[in-house]
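In mature numbering (1 follows the signal peptide of the UniProt record, and there is no 0), the protein residues as written are -22 to -1, 1 to 175.
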């Protein structure tokens, strides 16, 4: 995926600031405070994956700003997006683009929305709620991990997964094949789970 150098520079600056503030000196992120910096998700993976190569940036996008959430889940976003508090977005979310686990194209296609905080041992310490009218999932192998999404979800890509997370709304798949390829047993859907007619 090609990104403008201006966006890349801004993104690298934000990521570098987060890493510096968290005091990362090794592959594990230390706590900035128990409710925010320790809440970075997959912190060891993200901190160790940061590279300033012109080609690859593998850190997570972490922000509670609704506009950042929209951008972070777009095709120009990253393979993992995390929030560190409850967030309400007034517009529909489009999860788009094909991403790879840790942004490494030699790994599986994978994308994650992290709605939780964790400690240095990766134990979940808090869960958060993301609210939007609707989320349309166009990224293959998209996982919502922990926490709650409040709104309806439309799935247009293979491999949708809920892992220890809740959707407070309906989940509608574009086809039976997409529904069959989904992994919902580790999560909860409070509304209906259906195939679009």
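For glycine and all other residues, C-beta sits at the position ideal for the given N, C-alpha and C.
C-alpha gap between residue i and residue j, whole angstroms
i           : j           : result
residue 139 : residue 162 : 6 Å
residue 116 : residue 105 : 24 Å
residue 87  : residue 52  : 16 Å
residue 125 : residue 92  : 8 Å
residue 110 : residue 85  : 31 Å
residue 166 : residue 128 : 12 Å
residue 41  : residue 73  : 16 Å
residue 70  : residue 49  : 12 Å
residue 152 : residue 101 : 35 Å
Residues sharing a beta bridge with residue i, DSSP
i           : result
residue 59  : 39 and 91
residue 141 : 123 and 164
residue 105 : 94
residue 146 : 128
residue 173 : 151
Identity of the residue in the options nearest residue i by Cα
i           : options               : result
residue 172 : 122, 146, 137 and 132 : 132
residue 121 : 94, 111, 65 and 174   : 94
residue 135 : 145, 147, 159 and 112 : 159
residue 78  : 118, 155, 168 and 143 : 118
residue 141 : 76, 75 and 90         : 90
As assigned by DSSP and simplified to three states, the class of residue i
i           : result
residue 111 : strand
residue 161 : strand
residue 67  : coil
residue 155 : helix
residue 97  : coil
Environment of residue i [buried if 16+ CB atoms lie within 10 Å]
i           : result
residue 174 : exposed
residue 143 : buried
residue 164 : exposed
residue 38  : buried
The ligand SAH heavy atom lying under 7 Å from the CB of residue i
i           : result
residue 109 : Among the components modelled here there is no ligand, and therefore nothing to report on the ligand SAH.
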